[in-house]
Amino acid sequence: MDDLFSKYPLDSDRVLSNGIRVPFPYHITDGRILFIGGTADLAAAKTALQSESLVPLVNAAGRALMGLWLCDFTQASLGPHRELQFSLFVTRQPEPPIPAQTFSLLDALLFHPSIRMFCWRLWNDAENVVLYNRELLGLDARLAAADFTHAPEKQQTAFNFTDSEQGTILEGHIRADQRQPLGDALRMVQQLGFRKLMQMNAIDWVSVKVINPISDAFAFNGEAQTYAAGERIIVRQYDPGVDRLVFGQPSDQRLNFRPDFVYQVSGCKFIYLNVTDPANRNS
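When we follow my numbering, the leftmost residue of the sequence shown carries the number 557, and every step to the right adds one.
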């Protein structure tokens with residue numbers, strides 16, 4: 557599993573606007589990730605993408621595909637830090653809708669090469685990480701206070717991300733499963749098929765291309781190759797009886813985000829490579 561760290565080592569460094577020298581590329585070598593996949597209001601997604609050269613991925617119910625990333629990185633090339641990201645799933649050209657099923661986003665993300673993840677909004681709790689994401693990766697990163705509590709005795713992971721000026725961004729809790737629920741495995745077989753489920757389980761590193769917003773840092777929607785892996789991965793349907801998400805900002809509440817599934821990763825590993833321009837323009 558560590559082969560990609562050898563292939564993409566920390567072989568250079570960059571200087572941020574605060575004068576701090578940081579290693580490059582971006583490595584995570586341990587931590588926890590909660591990825592909550594779901595859908596958002598299509599009109600809100602189109603508004604978020606109105607300045608981008610991108611098309612939202614839509615399901616058969618007319619909803620835009622969206623995900624939340626809640627991350628507690630305990631070992632990283634930039635030091636321990638936490639992250640909250642709102643992602644929209646997009647293509648560069650219109651494509652047919654995908655099925656409106658619980659795990660359809662996983663299918664699209666893993667098995668449809670045209671799908672990209674647009675990093676729409678991003679918060680970190682460390683200034684150097686915010687500057688790194690803004691200046692080197694072109695992401696709209698902002699500083700936030702983050703409380704991330706994993707309590708195995710309660711079978712729960714609780715979180716609270718707060719902006720010093722605007723207040724709560726997102727808070728809630730997710731049931732922390734210790735093993736893969738059989739019912740959810742059967743649901744994935746029904747929706748994805750046994751062959752795809754076996755292919756998914758055999759993937760060592762999940763490969764996703766992340767697109768940055770157009771900004772002063774990058775005047776184009778560049779793509780950065782990312783790789784993610786984990787020592788233990790559990791996937792299950794989101795359960796409003798034990799899971800809770802509360803958006804603190806009215807603009808985010810208007811997204812009408814509907815969670816479908818929870819993808820839990822412990823012992824996570826992550827690599828984020830350089831931004832490239834698919835149109836081969838000079839950046």
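A virtual CB, placed ideally from N, CA and C, is assigned to each residue, including glycine.
| Query | Result |
| --- | --- |
| Give the straight-line distance between the Cα atoms of S839 and D569, rounded to the nearest whole angstrom. | Here S839 scores only 44 on pLDDT, less than 50, and its place in the model is too uncertain to base an answer on. |
| F750 by DSSP, collapsed to three states: which one? | helix |
| Measuring CB to CB, does A601 end up less than 8 angstroms from A656? | no |
| Answer with buried or exposed for A784, where buried requires no fewer than 16 other C-beta atoms within 10 angstroms of its C-beta. | buried |
| Alpha carbons only, please: which of Q781, A697 and L634 is nearest the one belonging to W676? | A697 |
| Look at the alpha carbon of E787 and the alpha carbon of Y582, and state the distance between them as a whole number of angstroms. | 19 angstroms |
| Please give me, in chain order, every unbroken run of the beta strand (DSSP E) with length at least 3 that falls completely inside the segment 737 to 795. | 762 to 767, 779 to 785 and 788 to 793 |
| With a CB to CB cut of under 6 angstroms and the five nearest residues on each side skipped, what residues in its chain are close to G587? | D628, F629, T630 and C824 |
| Between the segment 727 to 735 and the segment 631 to 641, are three or more C-beta pairs nearer than 8 angstroms? | no |
| Identify every residue that forms a DSSP beta bridge with H504. | What the structure shows of the chain is the stretch from 557 to 839, and residue 504 is not part of that stretch, so it cannot be assessed. |
| Rounded to whole angstroms, what's the CA-CA distance from D681 to D703? Just pull it up for me. | 9 angstroms |
| Would you mind stating whether Q805 and L590 have Cβ atoms separated by less than 8 angstroms? | no |
| Buried or exposed for M876, please, with buried defined as at least 16 other CB atoms from any protein chain shown within 10 angstroms of its CB. | In the structure as shown, the chain begins at 557 and stops at 839. Residue 876 is therefore absent and cannot be evaluated. |
| Whole-angstrom Cβ separation of W625 and E608, contact assumed at under 8 angstroms? | 19 angstroms between Cβ atoms; not a contact. |
| According to DSSP, is L626 helix, strand or coil? | strand |
| Between the segment 745 to 754 and the segment 797 to 814, do three or more beta carbon pairs fall short of 8 angstroms? | no |
| From which residue to which residue does the beta strand (DSSP E) around R814 run? | R814 to S822 |
| Where are the alpha helix (DSSP H) runs, 4 residues long or more, that stay fully inside the segment 570 to 614, in chain order? | 598 to 604 |
| Starting from Y828, trace the beta strand (DSSP E) in both directions and tell me its first and last residue. | K825 to T832 |
| Any idea which residues DSSP pairs Q641 with across the strands? | W625 and L678 |
| Could you tell me the boundaries of the beta strand (DSSP E) in which E651 lies? | Taken as a continuous stretch (DSSP letters only), E651 belongs to no beta strand (DSSP E), as it is neither H nor E. |
| For A697, which three-state DSSP category applies? | strand |
| Which value, in whole angstroms, describes the spacing of the CA atoms of V762 and N574? | 33 angstroms |
| So what does DSSP say about F561, is it helix, strand or coil? | helix |
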